[in-house]
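Its first residue numbered 15, the sequence shown is counted upward by one per residue in the numbering used here.
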Amino acid sequence: MIAQEFAYTAPTNLKDALALLGGENTKVLAGGMSLIPLMKLRLAAPEQLVDIGRIPELNYIREDGGKLRIGATTTHYQVESSALLRSRCPLLAEAASCIGDIQVRNQGTIGGSIAHADPAADYPASLLALEAKMVLASAKGQREVAAVDFFVDTFTTALGAGEIVKEVIVPVEEQSAGTSYQKMLQPASGFAIVGVAARIRKSGGKITLAWVGVTGLSGKPYRAMSVEKALEGTAGGTVDIDKAAGTVAEGVDANSDLFASAQYRGHLARIYARRALTVAISRTA
Ligand code: FAD
15 MIAQEFAYTA
25 PTNLKDALAL
35 LGGENTKVLA
45 GGMSLIPLMK
55 LRLAAPEQLV
65 DIGRIPELNY
75 IREDGGKLRI
85 GATTTHYQVE
95 SSALLRSRCP
105 LLAEAASCIG
115 DIQVRNQGTI
125 GGSIAHADPA
135 ADYPASLLAL
145 EAKMVLASAK
155 GQREVAAVDF
165 FVDTFTTALG
175 AGEIVKEVIV
185 PVEEQSAGTS
195 YQKMLQPASG
205 FAIVGVAARI
215 RKSGGKITLA
225 WVGVTGLSGK
235 PYRAMSVEKA
245 LEGTAGGTVD
255 IDKAAGTVAE
265 GVDANSDLFA
275 SAQYRGHLAR
285 IYARRALTVA
295 ISRTA
């Protein structure tokens with residue numbers, strides 16, 4: 015199908031872009047990987063598109079005071095292949111490498127993915143495990159929102175009218191930490207039927223800190239605190255991992271669709287939590 019007619023603007027700086035946003039039927043266009051199909055299906059019919067893909071100041075990956083800052087229009091491929099991220103925050107690079115196919119990764123952006131908030135998207139599990147922050151900008155100023163508050167519900171985020179995701183902030187990972195993102199992918203699209211990100215710190219033979227983020231299982235991504243609590247203080251052996259992973263779907267209202275029933279998704283979540291924890295622990299120094 016062909017999209018409804020719309021006006022198109024491609025500002026070359028952030029200030030001009032923000033000045034154009036805020037109208038009821040105005041939408042940001044980034045990589046277009048999610049928005050354009052929706053427009054073609056007429057599930058979205060914006061009257062004006064503001065293309066932020068030509069704003070150089072939104073495309074960067076840099077280290078700054080113990081943190082890594084990733085501009086909104088940084089593509090999944092740039093995240094996946096960044097030497098800085100691969101060495102300083104490998105979990106995010108690993109999650110990006112699992113997104114769709116190379117065409118999608120070359121075109122889609124980190125800002126677009128998280129703003130879209132598809133419940134099967136890959137980044138959210140890792141961003142929750144990393145306790146990432148999103149910098150949201152509007153013509154009135156900017157604010158920081160923690161990942162846990164950013165993902166509100168299915169296709170719903172904390173973004174307000176006229177606001178865009180300007181950048182994502184993640185911590186520089188401790189050298190001794192181990193991380194892993196493991197997903198069961200939908201064979202046609204590559205989206206996560208279930209995806210689990212694990213981030214582990216170990217000292218003196220014991221797990222001192224664990225962060226676990228889950229995507230695909232329910233309507234919104236979440237931190238699996240029960241898994242984290244069950245693992246912390248243990249030696250992180252097979253029995254500890256099994257016990258902790260077994261709690262990942264507890265109390266969660268699991269999605270059910272053509273690809274996987276709620277019960278099967280719960281089962282997959284336990285399997286993929288076990289895999290992510292096992293690999294992350296094996297990567298601790
Ligand atoms: P767009 O499509 O341009 O925009 C998406 C939405 O976000 C729109 O509502 C837009 O207005 C808004 N938006 C965009 N940028 C911003 C911003 N900076 N601030 C505020 N709002 C903004 N994703 C996965 O996670 N895993 C997969 O395996 C996967 N497989 C895919 C397979 C296919 C075949 C396709 C087409 C997509 C797949 N995706 C997958 C989705 C892909 O990651 C998209 O890139 C992403 O969902 C949207 O990013 P975009 O830059 O293309 O955004």
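Glycine included, each C-beta is placed from N, C-alpha and C at the ideal position. Predicted model, so just to flag it, every value in this text is computed and none were measured.
Taking residue 168 as the reference, give the member of 299, 100, 133 and 282 with the closest Cα. Taking the sequence shown and counting its residues from 1, one reaches residue 168 at position 154. Among 299, 100, 133 and 282, the Cα nearest to that of residue 168 belongs to 133.
Apply the 10 Å Cβ neighbour rule to residue 8 and answer buried if 16 or more other Cβ atoms are within range, or exposed otherwise. Residue 8 cannot be examined here, being either before or after the span of the chain that is shown, 15 to 299.
Is the CB-CB distance between residue 170 and residue 125 below 9 angstroms? The sequence position of residue 170 within the sequence shown is 156, counting from 1. The sequence position of residue 125 within the sequence shown is 111, counting from 1. The criterion of a C-beta distance shorter than 9 angstroms is not satisfied by residue 170 and residue 125.
Enumerate in chain order the residues of its own chain whose CB-to-CB distance from residue 274 is below 6 angstroms, with the five nearest sequence positions on each side excluded. By 1-based counting over the sequence shown, the position of residue 274 is 260. These residues qualify, in order along the chain: 207.
Whole angstroms is fine: what's the gap from residue 141's alpha carbon to residue 106's? Locating residue 141 in the sequence shown gives position 127, where the first residue counts as 1. Locating residue 106 in the sequence shown gives position 92, where the first residue counts as 1. The alpha-carbon atoms of residue 141 and residue 106 are separated by roughly 7 angstroms.
Between which two residues does the alpha helix (DSSP H) carrying residue 292 extend? Here residue 292 corresponds to residue number 278 of the sequence shown, with the count starting at 1. For residue 292, the enclosing alpha helix (DSSP H) begins and ends at 276 to 296.
Jot down the residue ranges of each uninterrupted alpha helix (DSSP H) in the stretch 93 to 122, minimum 4 residues, whole runs only, in chain order. Runs found: 97 to 102, 104 to 111 and 116 to 121.
On the DSSP bridge list, what partners appear for residue 77? Here the question's residue 77 lines up with position 63 in the sequence shown. Beta-bridge pairing by DSSP links residue 77 to 82.
Whose CA, out of 251, 299, 234 and 57, lies closest to the CA of residue 137? As a first step, residue 137 is located in the sequence shown; it is residue number 123 there, counting from the start. Here the closest residue by C-alpha is 234.
Please name the residue or residues paired with residue 23 in a DSSP beta bridge. For the purposes of this step, residue 23 is identified with residue 9 of the sequence shown, where counting begins at 1. Beta-bridge pairing links residue 23 to 64.
Close beta carbons around residue 145, own chain, < 8 angstroms, minus the five adjacent residues each side: Position 131 of the sequence shown, counted from the start, is the residue given in the question as residue 145. Correct list, in chain order: 160, 161, 162, 185 and 225.
Please determine whether the Cβ atom of residue 122 lies at a distance below 8 angstroms from any heavy atom of the ligand FAD. Taking the sequence shown and counting its residues from 1, the one referred to as residue 122 is at position 108. Within the cutoff, so yes.
Going by C-alpha to C-alpha distance, which of 92, 244, 266 and 252 sits closest to residue 229? Against the sequence shown, residue 229 aligns to sequence position 215. With respect to the C-alpha of residue 229, the residue from 92, 244, 266 and 252 having the closest C-alpha is 266.
For the ligand FAD, any of its heavy atoms closer than 8 angstroms to the Cβ of residue 281? Numbered from its first residue, the sequence shown carries residue 281 at position 267. For the ligand FAD, not one heavy atom lies less than 8 angstroms from the Cβ of residue 281.
Please classify residue 189: is it buried, with 16 or more other beta-carbons within 10 angstroms of its beta-carbon, or exposed? Position 175 of the sequence shown, counting from 1, holds the residue named residue 189. In this structure residue 189 is exposed. Its beta-carbon is surrounded by fewer than 16 other beta-carbon atoms within 10 angstroms.
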